[in-house]
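Structure record follows, encoded as structure tokens.
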Amino acid sequence: MAYSETAKTHYTNELKGIRSGGLFKEERFIESPQAARIKVEYPLGAAPKEVINLCANNYLGLSSHPDVLEAARKGLETRGYGMSSVRFICGTQDIHHELENKLTEFLGTEDTILFPSCMEANAAIFEVLLDKDDAMIADRLVHASIVDGMRLSKAQLYNYKHSNMEHLEEKLQETQGCRFRMIITDGVFSMDGDIAKLDVICDLAEKYNAMVMLDDSHASGFMGKRGKGTHEHCGVMGRIDAITTTLGKALGGAAGGCLSGRKELVELCRQRARPYLFSNTVPPVVVAASIRVIDLIEKSTDRRDKLEENTMFFREQMTKAGFDIREGVHPIVPVMLYNAKLAQDVARDLYAEGIYVVGFFFPVVPQGQARIRTQVSADHEREHLEKAVAAFTKVGKKYNILGKKKDEIIAMYGV
Amino acid sequence: MSEDVKKLIIDYVKKEYLDEDSDQTIDENTKLISGGIVDSFSMVSLKMFLEKKFKISIPDEKATPEAFDSVNSIMKLIQEFVKP
């Protein structure tokens, strides 16, 4: 047998190692559409329980919005379920082109190319746009998909301390001899919810003649007054050369991503980006629904404004309750616990209280920075957030962490 | 290998990977990768620094997280490639 006992033992031991290291990821079955309240079967076989979801990327609450569902249904009826093709053979419909144009206009760029996911956009672009004589200068906390994408490129890799602009400038000085340089950053960093200093980054890019690439997955649709993203929030629209983002978070939450930016960069990716050339086209249903999502966001900022209010309320209330949260304005609100076991215990107890959150710890976040990452949505009503704060407070009291800062929590629980 | 080389690497690691206000101490035995100070992504810049500084080329198969896990193991790795 090709699958030998030795191979089987090897993989079994790998899995055992993941389990014994406390890193085994379990999936929980949700028996309802994505929303502020969801029905969850957990643990496996338990009766489904209704809980408040505080860990979805459903920032604008559009994942199950009636208008979006209607557009998806219409897309299914008029353009079918699948295209059974990559884009350049027979996988491009009029609506793919329409969505690309809409995204271009929405993001304020020159052109856009859809990818099956933002992960694939990030996997594609560095290999296409940069070569061995070029340098990629990345923030040290960029998303894993960017790290993977950079590994596929022949360009030289440099990275700078997280959001440290002096260190970035040093790297720009070190790489003056390169043909092209690209500064690479997330718009919003997914673990802390902090925002890239895009204004300084763009100034440095101009000073040192470098391009800027931004992954705006945790911002598109709601950051900035019109929800265009971090570049709008930071006042640098038109100064970013390449933006990758996802349709899988605020923009409907189903699937798909894109690269939007300078016309030539996008056009070259259409010719050479391997994940674009060799992956199926984004399904018509997703495309049709995404067009409606962009229309909804452009028509009204109500949902984005509600998200901002909800975020402020939740941040204020959690701080008032005595939790150590990462300061900021983003709906990602990390509740810092520092100790991995404590993060898991608190998450488990919150679930018993009807709040669905997940603990994050090393290697997802640096050692000693375990946390519960909560995410606020425009779908949350005030009562959901009040209930969440009350549950957090009850559990926080149990573990005696209310009003305690980093050093005190570490003194009690270690890292 | 000399104390100077050890100091050079420790200084680079401190400057490159620690925040200004960090109270983390680094000596030749401090676990860099498994201790969460240097992640595997950032390791690339450390490799480039060593290659440039010592005018060597470390093949990718030798640039393992284990080889970069402490200043001591890094020094052993450099010794393999520096011509006497």
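Residue numbers (our numbering), protein chains in the order written: chain F, 1 to 415; chain U, 1001 to 1084. Note that the Cβ used here is the ideal one computed from N, Cα and C, for glycine as well.
What's the gap between the Cα of residue i and the Cα of residue j?
i, j, result
"T112 of chain F", "G261 of chain F", "6 Å"
"G257 of chain F", "F1081 of chain U", "44 Å"
"Q156 of chain F", "C269 of chain F", "20 Å"
"A352 of chain F", "Y42 of chain F", "10 Å"
"G187 of chain F", "Y59 of chain F", "15 Å"
"Y338 of chain F", "F362 of chain F", "10 Å"
"V358 of chain F", "F392 of chain F", "13 Å"
"S1022 of chain U", "I184 of chain F", "25 Å"
"E386 of chain F", "E27 of chain F", "27 Å"
"R303 of chain F", "A288 of chain F", "20 Å"
"H167 of chain F", "Y160 of chain F", "6 Å"
"F24 of chain F", "A370 of chain F", "16 Å"
"Q382 of chain F", "K1076 of chain U", "Per the sequence presented here, residue 382 of chain F reads as Arg, with Gln not at that position. Using only the alpha carbons, I get a separation of about 59 Å."
"K154 of chain F", "T1064 of chain U", "19 Å"
"L69 of chain F", "H96 of chain F", "18 Å"
"K1014 of chain U", "N122 of chain F", "30 Å"
"G75 of chain F", "V286 of chain F", "8 Å"
"I1009 of chain U", "H143 of chain F", "27 Å"
"G193 of chain F", "A219 of chain F", "10 Å"
Identify the continuous beta strand (DSSP E) that holds residue i and give its terminal residues.
i, result
"F115 of chain F", "D111 to F115"
"L157 of chain F", "Q156 to Y160"
"S260 of chain F", "G257 to G261"
"I325 of chain F", "Careful: I325 of chain F lies outside any beta strand (DSSP E) and carries neither H nor E."
"D186 of chain F", "R181 to D186"
"M237 of chain F", "Taken as a continuous stretch (DSSP letters only), M237 of chain F belongs to no beta strand (DSSP E), as it is neither H nor E."
"L337 of chain F", "I332 to Y338"
"R373 of chain F", "A370 to Q375"
"K1031 of chain U", "Run containing K1031 of chain U: none; DSSP gives neither H nor E here."
I'd like the list of long-range same chain contacts for residue i, defined as Cβ closer than 7 Å, with 5 residues on each side in sequence excluded.
i, result
"D133 of chain F", "C178 and R179"
"H436 of chain F", "Outside the shown range of chain F (1 to 415) lies residue 436 of chain F, about which nothing can therefore be said."
"G238 of chain F", "G108"
"R79 of chain F", "Q93, I95, P284 and A288"
"G22 of chain F", "A340"
"D199 of chain F", "C234, G235 and V236"
"V147 of chain F", "none"
Looking at the unbroken alpha helix (DSSP H) that takes in residue i, where does it start and where does it end?
i, result
"L172 of chain F", "M165 to E174"
"I401 of chain F", "Run containing I401 of chain F: none; DSSP gives neither H nor E here."
"K1007 of chain U", "E1003 to Y1017"
"K417 of chain F", "Nothing about residue 417 of chain F can be read from this structure; chain F reaches only from 1 to 415."
"H284 of chain F", "First, the amino acid is wrong: residue 284 of chain F is Pro here, not His. Per DSSP, P284 of chain F belongs to the alpha helix (DSSP H) from P284 to K299."
"E5 of chain F", "E5 to S20"
"N1072 of chain U", "V1071 to F1081"
"E120 of chain F", "C118 to L129"
Kindly list the residues whose CB is nearer than 8 Å to the CB of residue i, restricted to its own chain and excluding five residues on each side of it in sequence; keep chain order.
i, result
"A124 of chain F", "F115, G149, L259, C269, A273, R274, P275 and Y276"
"S85 of chain F", "G91, N280 and T281"
"P33 of chain F", "S63 and S64"
"V364 of chain F", "M191"
"I372 of chain F", "P334, V335, L337, A343, V346, A347, L350, V357, V358, G359 and F360"
"G403 of chain F", "G322"
When burial is assigned at 16 or more other CB atoms within 10 Å of the CB, is residue i buried or exposed?
i, result
"T6 of chain F", "exposed"
"A47 of chain F", "exposed"
"G252 of chain F", "buried"
"S290 of chain F", "buried"
"D216 of chain F", "buried"
"T12 of chain F", "exposed"
"A378 of chain F", "buried"
"Q1079 of chain U", "exposed"
"D1019 of chain U", "exposed"
"I89 of chain F", "exposed"
"E77 of chain F", "exposed"
"T319 of chain F", "exposed"
"G224 of chain F", "buried"
"L130 of chain F", "buried"
"K306 of chain F", "buried"
"A2 of chain F", "exposed"
In chain order, what residues of the same chain have a beta carbon less than 6 Å from the beta carbon of residue i, not counting five sequence neighbours either side?
i, result
"V376 of chain F", "N310, T311, F314 and P331"
"A71 of chain F", "A288, A289 and R292"
"M211 of chain F", "M182 and D241"
"I38 of chain F", "I30, S32 and N53"
"I297 of chain F", "G221 and G227"
"N57 of chain F", "K249"
"K171 of chain F", "I137, Y158 and Y160"
When the cut-off is 8 Å and only beta carbons count, does residue i lie next to chain B?
i, result
"K161 of chain F", "Within the model displayed, chain B is absent; protein chains F and U are what it includes."
Less than 7 Å between the CB of residue i and some heavy atom of the ligand PLP, yes or no?
i, result
"Q367 of chain F", "The ligand PLP is absent from the structure shown, which contains no ligands of any kind."
Inset, instruction - Taking only beta carbons into account, state which residues of the stretch 141 to 158 of chain F come closer than 7 Å to chain U, listed in chain order. - result: V147, L157 and Y158
Legend entry - Within 8 Å of chain F by C-beta, residues of the stretch 1041 to 1052 of chain U in sequence order: F1041, S1042, V1044, S1045 and M1048
Inset, instruction - Give the residues from the stretch 347 to 373 of chain F that approach chain U closer than 8 Å (Cβ to any Cβ), ordered along the chain. - result: F362, P363, P366, Q367 and G368
Legend entry - Interface positions of the stretch 1017 to 1029 of chain U facing chain F (Cβ-Cβ less than 8 Å), listed along the chain: Y1017 and D1019
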